[in-house]
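In my numbering, the protein residues as written are 1 to 359.
Shown next, in the form of structure tokens:
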């Protein structure tokens, strides 16, 4: 596993405190119109792709690692997915089923704790780690119908154990799962480097050296006539290198906006698969050849949904090999500065990545 000599980033900022959405959803009779207005958007049941017309690409990691023809065929699928979609599902990733199930059990158990117990791991002022919310920058901002639990997971020296529940299996299961997703990320990034013709695969695999986990809880929206006017997560592209998402619930919620159009493609969970997506950092490193894609999460009127996203990050700027004799399309910015920019910004499509484009 590639290591990182970088020190753990310092305080990168936080989010304004907002009501706990899981608690609100459990008390529908107490929801006032004024409070609900903070979550309401124009109806978003807009045009979606027909499944027969567009399905997310699927990459088989066992085939991808094959040194023969199967590996070449799967590498072509990976290249197509990164260039044309920015999203793909990963099957046969090799993460032991026991590791996945233990992680699922512990994440679900955490979100089902009483609010007072979860509050012991609440985010500190101006700090993103912990239990709470993210990207809330003003009292007028439309809020997401979700709660999150955010942790630094790799390398182990980055972990702030104040936010990790002691005396349970959580620390062990998260340690195992984060190590496995880091391995998968390195294998995918190494394959991307080969597809790109990079002399040094380390230019890509270093993205996996630092990892954070975002655990998401999307409660059902009890106001049935309004459930299609709230979003679990606002449209955005991921301000990281590579994201590996495990959908813990069979409930559909993730949607992607392909080709920057007005249509959204629902991502139907494949049991046990990881959903991988190209982040802003990879779009910049490849000078626009691989695309980060705007996506969002919708909520269900009746069922809760949970997911766990593993993010990998790295220094930020176009690789010289990808620029070649052409022009760099993005300016170079440190990861810390970019993360500060992200945390201090409202999510709105690819607005954050656009801010580092060279006009």
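Think of the CB as a built atom: it goes at the ideal place given N, C-alpha and C, for glycine as much as any other residue. Given the structure is predicted, the values throughout are model-derived calculations rather than measurements.
Would you check if the distance between the CB atom of residue i and the CB atom of residue j is smaller than 8 Å?
i: residue 306; j: residue 249; result: yes
i: residue 145; j: residue 230; result: yes
i: residue 95; j: residue 184; result: yes
i: residue 35; j: residue 226; result: no
i: residue 301; j: residue 220; result: yes
i: residue 211; j: residue 251; result: no
Expressed to the nearest angstrom, what Euclidean distance is found between the alpha-carbon atoms of residue i and residue j?
i: residue 228; j: residue 134; result: 22 Å
i: residue 142; j: residue 70; result: 47 Å
i: residue 16; j: residue 125; result: 8 Å
i: residue 148; j: residue 216; result: 5 Å
i: residue 206; j: residue 187; result: 11 Å
i: residue 233; j: residue 298; result: 7 Å
i: residue 313; j: residue 209; result: 7 Å
i: residue 265; j: residue 194; result: 29 Å
i: residue 68; j: residue 238; result: 33 Å
i: residue 223; j: residue 271; result: 29 Å
i: residue 174; j: residue 161; result: 12 Å
i: residue 288; j: residue 84; result: 11 Å
i: residue 57; j: residue 89; result: 6 Å
i: residue 181; j: residue 26; result: 33 Å
Excluding the 5 residues flanking residue i on each side, which residues of the same chain have their C-beta closer than 7 Å to its C-beta?
i: residue 23; result: 115
i: residue 52; result: At residue 52, the pLDDT of 47 sits below 50, so the modelled position is not reliable; the number obtained from the coordinates is stated separately. Once the five neighbours on either side are set aside, residue 52 has no close Cβ partner at all.
Going by beta carbon distance, what residues of the same chain come within less than 6 Å of residue i, once the five residues before and after it are set aside?
i: residue 247; result: 269, 307
i: residue 63; result: 70, 74
i: residue 40; result: 229
i: residue 118; result: 131
i: residue 154; result: 178, 182, 211
i: residue 93; result: 61, 184, 274
Smallest Cα separation from residue i: which of the options?
i: residue 293; options: 149, 301, 280; result: 280
i: residue 151; options: 107, 141, 140, 64; result: 107
i: residue 202; options: 285, 112, 86, 296; result: 285
i: residue 104; options: 220, 221, 195, 178; result: 178
i: residue 256; options: 161, 296, 288; result: 296
i: residue 242; options: 189, 219, 233; result: 189
i: residue 60; options: 43, 81, 40; result: 81
i: residue 127; options: 163, 100, 176; result: 163
i: residue 100; options: 204, 197, 170, 166; result: 170
i: residue 267; options: 214, 86, 204; result: 86
i: residue 283; options: 204, 235, 214, 213; result: 204
Can you give me the Cβ contacts of residue i inside the same chain, cut-off strictly under 8 Å, excluding the 5 residues immediately before and after it?
i: residue 245; result: 254, 274, 275, 276, 277, 307, 308, 309, 310
i: residue 122; result: 130, 131, 132
i: residue 66; result: 74
i: residue 33; result: none
Nearer than 7 Å: is that true of the beta carbon of residue i relative to any heavy atom of the ligand ZN?
i: residue 108; result: This structure lacks the ligand ZN, and indeed carries no ligand of any kind.
* Which full runs of the alpha helix (DSSP H) of 4+ residues lie inside the region 27-97, going along the chain? -> Here the runs fully enclosed are 33-37, 61-64, 69-80.
* Could I get the ranges of all uninterrupted alpha helix (DSSP H) runs contained in the region 169-239, with 4 residues as the minimum, in chain order? => 170-196, 202-205
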